[in-house]
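According to my numbering, the sequence shown is numbered sequentially starting from 35. Where a beta carbon is used, it is the ideal one built from N, C-alpha and C, also for glycine. Quick caveat: nothing in here was measured; it's all calculated off a predicted structure.
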Amino acid sequence: MAEDLYISAGTKEEKYRALLPQIEGLLAGEDDLTANLANVTAALKETFGFFWVGFYLVKGGELVLAPFQGPVACTRIRKGRGVCGSAWQEGRTLVVPDVDAFPGHIACSSLSRSEIVVPLLDGGEVWGVLDVDSDCLNSFDDTDARFLEEVCARLRPYR
Ligand code: SME
């Protein structure tokens with residue numbers, strides 16, 4: 035398996051379109067969940083330069099920090115708390131253009147300005163979330179939601 039990532043020079047959508055099959059390639063060669071979450075965070079960080087990107091997994095009734103790239107982060111989040119806990123509770127992707135306007139936002143970093151959280155779904159069950167933070171306002175939109183949901187769907191076989 036080649037470990038070099040090709041990054042499209044085009045639009046955000048073109049970058050995602052180039053990235054998705056490469057993520058599929060990375061996942062196809064490995065069945066360990068931690069290894070796969072680690073490579074997905076690295077591939078997203080390398081492609082988009084996100085301020086913070088990583089996973090929280092549902093363990094013992096809480097979200098617990100899992101592989102990520104970026105500054106150190108809070109380790110445990112309860113259901114319904116913050117953007118991550120809300121995405122878990124609601125079982126849907128949350129795009130937050132301004133974290134200061136989101137009631138209960140958990141500021142792991144004071145530099146975080148906008149955020150997207152995508153649930154990891156297995157049927158109707160949420161088994162974790164993918165969280166991406168930006169240090170700029172309004173960084174995420176439907177394109178991010180659509181493609182990050184595609185990425186998360188490809189992780190279900192490894193849970
Ligand atoms: N801001 C998140 C907490 C996780 S950190 O951003 C990495 C939240 O409100 O759930």
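- With fewer than 16 other CB atoms across the displayed protein chains lying within 10 angstroms of its CB, residue 177 is exposed.
- Contact between the stretch 118-134 and the stretch 144-160 is present: three or more C-beta pairs spanning the two stretches fall below 8 Å.
- Closest by C-alpha distance to residue 159, out of 187, 42 and 107, is 187.
- Using a 10 angstroms sphere on the CB of residue 40, the tally of other CB atoms stays under 16, which defines it as exposed.
- Residues of the same chain with a CB within less than 6 Å of the CB of residue 71, apart from the 5 flanking positions on each side, are 89, 100 and 101 in chain order.
- When secondary structure is reduced to three states using DSSP, residue 48 falls in the helix class.
- Within the stretch 38-102, the runs of beta strand (DSSP E) at least 3 residues long that lie entirely inside it are, in chain order, 86-93.
- With a threshold of 16 other beta carbon atoms within 10 Å, residue 153 meets it and is buried.
- In this structure, residue 161 sits near residue 91, with a CB-CB distance shorter than 8 Å.
- In the DSSP assignment, residue 157 falls outside any alpha helix (DSSP H) and carries neither an H nor an E.
- Listed as beta-bridge partners of residue 111 by DSSP are 97.
- In terms of Cβ geometry, residue 121 and residue 103 do not form a close pair [threshold 8 Å].
- Not one heavy atom of the ligand SME is found less than 7 Å from the C-beta of residue 44.
- Taking 8 Å as the cut-off, the Cβ atoms of residue 167 and residue 193 do not count as close.
- Taking the C-beta atoms as reference points, residue 62 is found no nearer than 8 Å to residue 86.
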